[in-house]
Amino acid sequence: MSSPSNNKSTLADETLIASFQNGSQQAFAELYDKYAPALLGAISRIIIDREKAEEILQQTFSLIWKKKELYSPAKERFFTWIIKIARSACSESATLGGEIKCSEIREAINLVYARDIKNYLLEKQKKGGKEFELLMKKKHFRALELIYFKDFTFDAAANKLEIPLSEFRVELVSAIKELKTTLVA
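So the sequence shown is numbered by numbering that gives the first Met the number 0: it starts at 0 and just counts up by one.
Set out below in structure tokens:
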């Protein structure tokens, strides 16, 4: 059960977001103040260059303003929506010559589930031991292990498993989906 102050905060956020969607520049400024530090942190974990990360933050908020009518609270949380816009801006920057770290997908997964997946997996493995590994398809467990515990790049992990990179990404996503029921519990 949530506390009364938490409910007030949620209502205040809903009101702020509704005002922003109706074109309030004041609400937009408040949302910027509230979310810019977290977005910059997420962007900085993807884009190595700090100056470039700050530039992408500004681009992200410009896109957030332009796309404000597209946000639907029924579909996703506001932070999830804006982080997707930030990631898209990062990807576009990478296409134009920016540098992306391999941790990009790990960060996205952590944000979607609002958890530190590596620590979650360590905890599950500690509690479940070998049974935890047996609950998952061996290939899926191996994909998680290489990315989260051995800090392989995607290319290196795909080479280690002797599969194409595109297939490795599918395996990693499948592994996360396999864990999904426990992640949201």
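Each residue gets a CB set at the ideal place from its N, CA and C atoms; glycine is no exception.
Exercise for the section: Note down the Cα distance separating Y119 from R44, rounded to an integer number of angstroms. Expected result: 20 Å
Handout entry: Alpha carbon of S90 to alpha carbon of I42, nearest angstrom
Key = 10 Å
Problem - Host alpha helix (DSSP H) of N158 (start-end) - result: 153-160
Exercise for the section: Check G40 in the structure and name its three-state DSSP category. Expected result: helix
Practice task
Put Y70 into one of helix, strand or coil per three-state DSSP.
Solution key: coil
Exercise for the section: Go to L143, then tell me how far its alpha helix (DSSP H) extends in each direction, as first and last residue. Expected result: 137-143
Practice task
Could you check the C-alpha separation between E53 and G128 for me, to the nearest Å?
Solution key: 42 Å
Exercise for the section: Identify, in the order they occur along the chain, each residue of the same chain with its Cβ nearer than 8 Å to the Cβ of P72, setting aside the five sequence neighbours on each side. Expected result: E13, I16
Problem - CA-to-CA distance, K83 to T152, given in whole angstroms - result: 22 Å
Problem - C-alpha distance - I146 paired with E177, whole-angstrom precision - result: 16 Å
Practice task
Have a look at K67, V169, V172 and flag the residue whose alpha-carbon is nearest the alpha-carbon of A26.
Solution key: K67
Exercise for the section: Can you give me the Cβ contacts of A157 inside the same chain, cut-off strictly under 6 Å, excluding the 5 residues immediately before and after it? Expected result: L164, F167
Practice task
Give every residue of the same chain whose Cβ lies closer than 8 Å to the Cβ of V172, excluding the five residues on either side of it in the sequence, and list them in chain order.
Solution key: none
Exercise for the section: Could you check if I55 is buried or exposed, using at least 16 other CB atoms within 10 Å of its CB as the buried criterion? Expected result: buried
Problem - R76 - DSSP class collapsed to helix/strand/coil - result: coil
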